[in-house]
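Input: a single structure, listed below in structure tokens.
Residue numbers (the numbering used here): 185 to 655.
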């Protein structure tokens, strides 16, 4: 469905489908239950969620659908074939579909079949497989392809170009079955200099030809809270600010992303101009939202609105069910993240022991991910859960922000009390208040008050669900 010249272009955006093919659950049991317990994704419902989205989008009749990565649970071939089949229904309805991979989608050691108490490896896919499976969704001869990644450039109308960016690092995934010490799927995103240059050249050429350029990528380019590039580095592409400047200079001012499963519109200001990043929540987990963007290329404007999946044919109360799952999985998610990154955490603790041996004699850091999780949850679970839900839902600003921030700081105080011993305790607490709490408050304010570029002259608030932005 190609719009006529100067006609408004309607785009549907979905992200983080995390579809799990039914045949991957041979028999329900402890193995699958354990996987679910540390995850907020509604995997049992994932196929029905996708089918409901497809039906809703067909009713909407957009010109274009963008899918910003993590199409499958963990890159299983069976799941990819199912997703491609359901997206084909959109193509058959005359709706153009464009996808990019996410960190879960390719060469993934976590691709498993669950059978009672056991989970065994199943076939994952290569990058070549991904392009072949989704050839009807951006990887055909109509797109200009980067030589080194699954990035591509597509002229969807005479007035608009989509720059699809693949920053995934699946080449660095490790497999025990290949002789590696552990199974590990890289969450981070990075782009080689050659790919960055290719992207800039494509965007520059499209802009020079008079077309508006909209980008899409799984990883974040613009931060959605203060210090995201430090505190949640795996969710942002490496050297994000440099790449942002280059793309803005080339004429790109809007990018659609996913990855963090939040509904948030972030903006960052660079010398060359502004970049607005529209992060779309995961349909497969609370808040179960997707986006509709209506673009007026002549006016250079895009109107955005969020759509919430409140119910499924099999579950009229699906939205509330998803919210309860989200709340209840915070403890196991916390332990799961700490367990997953325990080698890196242990190395950081060892480095502190080397750099500050005297100081570390007075600090009692728990020696296992389970123990650290227990400590954090004991003191911070309720306010962290409320903050996380608020962040995921978008439009965070509310009247109880100060009270919530104070509860979080009180929880940190309690963690310090329980980990620092002896005569250093008052000094460590003072150091926290003088150096860490100020930054901590900025982070929390940026999240809870929905502030972009906080504490700078470019500080702004953007409505996360009904925004009008420049393209």
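Note that beta-carbon positions come from the ideal geometry of N, C-alpha and C, so glycine has one too.
Can you have a look at residue i and say buried or exposed, based on whether 16 or more other CB atoms are within 10 angstroms of its CB?
| i | result |
| --- | --- |
| residue 291 | buried |
| residue 362 | exposed |
| residue 541 | exposed |
| residue 594 | exposed |
| residue 611 | exposed |
| residue 656 | The structure shown does not extend to residue 656, since the chain spans only 185 to 655, so no value can be given for it. |
| residue 407 | buried |
| residue 215 | buried |
In the DSSP assignment, what are the bridge partners of residue i?
| i | result |
| --- | --- |
| residue 352 | 373 |
| residue 195 | 248, 477 |
| residue 260 | 308 |
| residue 338 | 346 |
| residue 363 | According to DSSP, which records beta bridges pairwise, residue 363 is partnered with nothing at all. |
| residue 400 | 348, 440 |
| residue 298 | 209, 303 |
Which value, in whole angstroms, describes the spacing of the CA atoms of residue i and residue j?
| i | j | result |
| --- | --- | --- |
| residue 494 | residue 507 | 11 Å |
| residue 405 | residue 425 | 7 Å |
| residue 642 | residue 633 | 15 Å |
| residue 381 | residue 430 | 9 Å |
| residue 434 | residue 534 | 44 Å |
| residue 345 | residue 247 | 13 Å |
| residue 578 | residue 649 | 7 Å |
| residue 419 | residue 341 | 31 Å |
| residue 531 | residue 538 | 11 Å |
| residue 655 | residue 552 | 48 Å |
| residue 550 | residue 636 | 35 Å |
| residue 599 | residue 560 | 7 Å |
| residue 393 | residue 281 | 23 Å |
I'd like to check one pair, residue j with residue i: are the Cβ atoms closer than 8 Å?
| i | j | result |
| --- | --- | --- |
| residue 288 | residue 369 | yes |
| residue 652 | residue 485 | yes |
| residue 338 | residue 348 | yes |
| residue 476 | residue 438 | no |
| residue 199 | residue 251 | yes |
| residue 469 | residue 224 | yes |
| residue 519 | residue 576 | no |
| residue 383 | residue 453 | no |
| residue 235 | residue 270 | yes |
| residue 295 | residue 303 | no |
| residue 379 | residue 332 | yes |
| residue 620 | residue 629 | no |
If you reduce the DSSP assignment to three classes, tell me which class residue i lands in.
| i | result |
| --- | --- |
| residue 444 | coil |
| residue 318 | coil |
| residue 450 | strand |
| residue 488 | strand |
| residue 551 | coil |
| residue 520 | helix |
| residue 457 | strand |
| residue 385 | helix |
| residue 290 | coil |
| residue 414 | helix |
| residue 222 | coil |
| residue 545 | coil |
| residue 557 | helix |
| residue 588 | helix |
| residue 425 | helix |
Compute the minimum distance between the beta carbon of residue i and the heavy atoms of the ligand ADP, and state whether it is under 7 Å.
| i | result |
| --- | --- |
| residue 542 | With respect to small molecules bound, the structure shown includes none, and the ligand ADP cannot be examined in it. |
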